[in-house]
Amino acid sequence: MVVTRVPDHAVPYPLARINGRLSMRDDCLLIGDAVAFWPAGTGWSADRRAVTFGGDFEGAPPAAVGSTFRGGGGVYEPTDSLDGLLSTDDIELLENCMEKTGVDRLVLVYPGRA
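Residue 45 in numbering that gives the first Met the number 0 is what sits at position 46 of the sequence shown, and the numbering runs on without skipping anything.
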């Protein structure tokens with residue numbers, strides 16, 4: 000499992016409320032009907048099947064696959080540019096996840112804004 004994340008802690012976070020079931024399909028993480036990506040410092044715990052948080056969100060509880068995620072973030076449509084937000088490699092990973100899962104939206108999610 001690869002957790003795609005914003006590489007820089009200085010990138011401002013969108014402030015929308017994001018609520019939805021965290022699922023995994025074809026090794027891609029989804030919140031509701033959008034492929035998820037995460038803030039800098041985020042990791043993956045394979046044994047717990049959960050996203051773990053560090054960096055700006057150190058100490059936030061893990062988000063387990065199958066649980067309802069409640070936090071903050073923002074939705075990105077396929078026409079939105081992610082240049083400057085993610086690396087070229089991470090953009091490619093997200094595009095691959097969108098293709099594999101048939102999902103056409105992305106969501107940046109972070110804990111704490113329920």
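Think of the CB as a built atom: it goes at the ideal place given N, C-alpha and C, for glycine as much as any other residue.
The model shown is predicted, which means the values in this text are computed figures rather than measured ones.
Q.
Let me check one thing: in DSSP terms, what residues is residue 82 bridge-paired to?
A. Within the sequence shown, the letter at position 83 stands for residue 82. Beta-bridge pairing links residue 82 to 85.
Q. Looking only at DSSP bridge pairs, what is residue 95 linked to?
A. Within the sequence shown, residue 95 is the residue found at index 96, counting from 1. Residue 95 pairs with nothing; no bridge assigned.
Q: With a threshold of 16 other CB atoms inside 10 Å of the CB of residue 87, please say whether the residue is buried or exposed.
A: In the sequence shown, counting from the first residue as 1, residue 87 sits at position 88. The residue is exposed, with fewer than 16 neighbouring Cβ atoms inside 10 Å.
Q: Determine the closest residue to residue 111 out of 62, 78 and 26, with distance taken between C-alpha atoms.
A: Stepping through the sequence shown from its first residue, residue 111 is reached at position 112. When only C-alpha atoms are compared, the closest one is 62.
Q.
Is the beta carbon of residue 52 closer than 9 angstroms to that of residue 45?
A. Residue mapping note: residue 45 aligns to position 46 of the sequence shown, counting from 1. Residue mapping note: residue 52 aligns to position 53 of the sequence shown, counting from 1. No, the pair does not count as a contact, with Cβ atoms beyond the cut-off.
**Q.** For residue 100, three-class secondary structure by DSSP
**A.** Locating residue 100 in the sequence shown gives position 101, counting from the first residue. Correct three-state label for residue 100: helix.
Q | For residue 65, three-class secondary structure by DSSP | A | Taking the first residue of the sequence shown as 1, we reach residue 65 at position 66. Three-state DSSP puts residue 65 in coil, outside helix and strand.
Q.
Rounded to whole angstroms, what is the Cα-Cα separation between residue 54 and residue 107?
A. Mapped onto the sequence shown, residue 54 falls at position 55. Mapped onto the sequence shown, residue 107 falls at position 108. When rounded, the distance between both Cα atoms is 15 angstroms.
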